[in-house]
Amino acid sequence: MELADRAVGLLLTLISLSIFTYFTFWVIIVPFVDSDHFVHQYFLPLEYAIIIPVFAGVALLSLLSLFVGSVMLKSRKKNKKA
Amino acid sequence: MLTFGKLTYSQDKGAPFSPMKHIFKIISLLAAISAFWVGLLQASIIPRTHTWLLPIYLVVSLGCYGLLMVGVGLMQFPTCPQEAVLLQQDIAEAKGFLKDKGVDVGSD
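One line per chain: the protein sequences are C and L, in this order. Going by our numbering, the first sequence opens with residue 38, and the numbers climb by one from there. Going by our numbering, the second sequence opens with residue 2, and the numbers climb by one from there.
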């Protein structure tokens, strides 16, 4: 269905734009704001801006390698049977 | 080489989109940004604990850009409904023809 495709596309663009703006604000703008401004309660401490992407990247890479490994094992099993 | 009567027009030696020049531009831009970042680190403007902030920011923004392009492409994908109907008619016709000739046309 064309409408489902467009809805998924819109969702993806919104997610990517929001992640980009939040991360940009976090890394570039918030460090230069005064410590007692109210904005700081919406953002975690700056160390988490390093920990969270690294953790997400490591999780993504391990999931990818798990997937590739499982596919390779399945194809080898099929080859042995045939 | 195109020839219009006596005039001959030959293509220039340098193609407009040389594949190597684009990547040199990207590499030089990355080198400039990382030199700036290392300079900021060395001058102690940014504490050493935040060393990896810039590379991570670049990787995250690259991932976001890829996701954005995928989303935009999905939204703008043309579906050609008339061609879909014609294709279904072609498939039905081909199936009927092959079934007459005795070929097994599979799932139905």
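Glycine is no exception: its CB is placed at the ideal position from the N, C-alpha and C atoms.
- With a 10 Å radius around the Cβ and a threshold of 16 neighbouring Cβ atoms, C:Ser53 comes out buried.
- Residue-level contact by beta carbon fails for C:Val95 and chain L, as no gap is shorter than 8 Å.
- Measuring C-alpha to C-alpha distances from L:Val60 to each of C:Ser55, C:Gly46, C:Ile87 identifies C:Ile87 as the nearest.
- Taking 8 Å as the threshold, the shortest C-beta distance from C:Leu101 to chain L does not fall below it.
- Neighbours of L:Phe78 in chain C, taken as residues at a C-beta separation under 9 Å, are given in chain order as Glu39, Asp42, Arg43, Gly46.
- Cβ proximity to chain C below 8 Å picks out nothing from the stretch 23-49 of chain L.
- Residue-level contact by beta carbon holds for C:Leu49 and chain L, with a gap shorter than 8 Å.
- Within the stretch 57-76 of chain C, the residues whose Cβ lies closer than 7 Å to any Cβ of chain L are, in chain order, Phe57, Phe60, Val64.
- Closest in C-alpha terms to C:Ile65, from the list C:Phe80, C:Lys115, C:Gly106, C:Val105, comes C:Phe80.
- Distance from the CA atom of L:His51 to the CA atom of C:Met38, rounded to whole angstroms, is 46 Å.
- Contact between C:Leu47 and L:Met70 is absent: CB atoms are separated by about 14 Å, not below the 8 Å threshold.
- Nearest CB-CB separation between C:Ala86 and chain L: below the 8 Å threshold.
- About 5 Å separates the beta carbons of L:Val106 and L:Lys96, which is inside the 8 Å limit, making them a contact pair.
- Taking 8 Å as the CB threshold, L:Leu54 lines the interface with chain C.
- Taken through DSSP and simplified to helix, strand or coil, L:Cys81 comes out as coil.
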